[in-house]
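Numbering (the working numbering), first residue to last: 5 to 209.
First up is the structure itself, then whatever we jot down about it.
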Ligand SMILES: Nc1ncnc2c1ncn2[C@@H]1O[C@H](COP(=O)(O)OP(=O)(O)O)[C@@H](O)[C@H]1O
Ligand SMILES: Cc1cn([C@H]2C[C@H](O)[C@@H](COP(=O)(O)OP(=O)(O)O)O2)c(=O)[nH]c1=O
């Protein structure tokens, strides 16, 4: 079963995932993330750090996703593992259309075409949502500065996320990221546990 956690920077994903490791330890989930599960992900981080052009960055994120699926996601699903990924393809469809706006026509369609035929759809996606000002206020000084001038970017990213959720309501669970962190973690852990137990009774389609 493949679970993904999504949300804008500052929505609480890293905090949540650390707590899910404790709450779900008995299910022995495989925790992973994008970017970064493979060495390709390290090249993505370098591209971000060196502020490469948005097309190069987008294609590197896609290459990271392909390596992630081939080396980790697909083998783990074949073994029947529960996988929890901190970010996944929806981050591409939420962030890149904003940074590619004006660079190429209809970036979302371009990105969807790149993923077609080889990406693997998550079984459930938890989307952490909160007012952007609250997210920016939670970020560390360096990210805060970076996003302070660009809070509008995070607003557009979150709007994209909400559009993705509206288009795929059976997969997305929208979570109020302003709730206390323990409440967020326990709610999501319970949802994952219920899904994992029911999926064990149902062969993967
Ligand atoms: N539910 C919450 N309520 C208040 N603060 C939170 C909550 N979740 C996380 N935080 C704090 O917000 C900051 C960013 O959280 P983090 O997990 O790093 O977000 P992300 O990984 O989504 O960027 C951290 O200082 C964290 O302690
Ligand atoms: C996976 C992914 C992340 N991102 C962005 C979201 C973040 O701002 C940034 C790094 O991801 P992030 O998960 O925030 O890593 P870190 O916590 O180490 O900063 O990359 C994309 O723009 N597209 C993607 O496909």
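Where is the CB? At the ideal position from N, CA and C, for every residue including glycine.
Range of the contiguous beta strand (DSSP E) that encloses residue i
i, result
"residue 134", "Per DSSP, residue 134 belongs to no beta strand (DSSP E) and is neither H nor E."
"residue 6", "6 to 11"
"residue 178", "176 to 180"
Residue range of the alpha helix (DSSP H) that includes residue i
i, result
"residue 157", "155 to 171"
"residue 118", "111 to 119"
Cα-Cα separation between residue i and residue j, rounded to whole angstroms
i, j, result
"residue 200", "residue 73", "20 Å"
"residue 184", "residue 190", "10 Å"
"residue 167", "residue 108", "20 Å"
"residue 80", "residue 104", "33 Å"
"residue 198", "residue 15", "24 Å"
"residue 53", "residue 121", "30 Å"
"residue 22", "residue 58", "30 Å"
"residue 196", "residue 180", "17 Å"
"residue 192", "residue 68", "26 Å"
"residue 145", "residue 203", "42 Å"
"residue 128", "residue 136", "24 Å"
"residue 62", "residue 84", "30 Å"
"residue 172", "residue 161", "17 Å"
"residue 177", "residue 143", "24 Å"
"residue 163", "residue 131", "12 Å"
Exposed unless 16 or more other CB atoms sit within 10 angstroms - verdict on residue i
i, result
"residue 113", "exposed"
"residue 26", "exposed"
"residue 60", "exposed"
"residue 49", "exposed"
"residue 11", "buried"
"residue 96", "buried"
"residue 154", "exposed"
"residue 101", "buried"
"residue 170", "exposed"
"residue 174", "exposed"
"residue 29", "exposed"
"residue 33", "buried"
"residue 156", "exposed"
"residue 94", "buried"
"residue 111", "buried"
Chain C within 8 Å of residue i, Cβ atoms only
i, result
"residue 177", "Within the model displayed, chain C is absent; a lone protein chain is all it includes."
DSSP three-state assignment for residue i, whether helix, strand or coil
i, result
"residue 102", "helix"
"residue 124", "coil"
Item to check | Secondary structure, beta strand (DSSP E): runs of 3+ residues fully inside the region 16 to 95 | outcome: 34 to 37, 87 to 90
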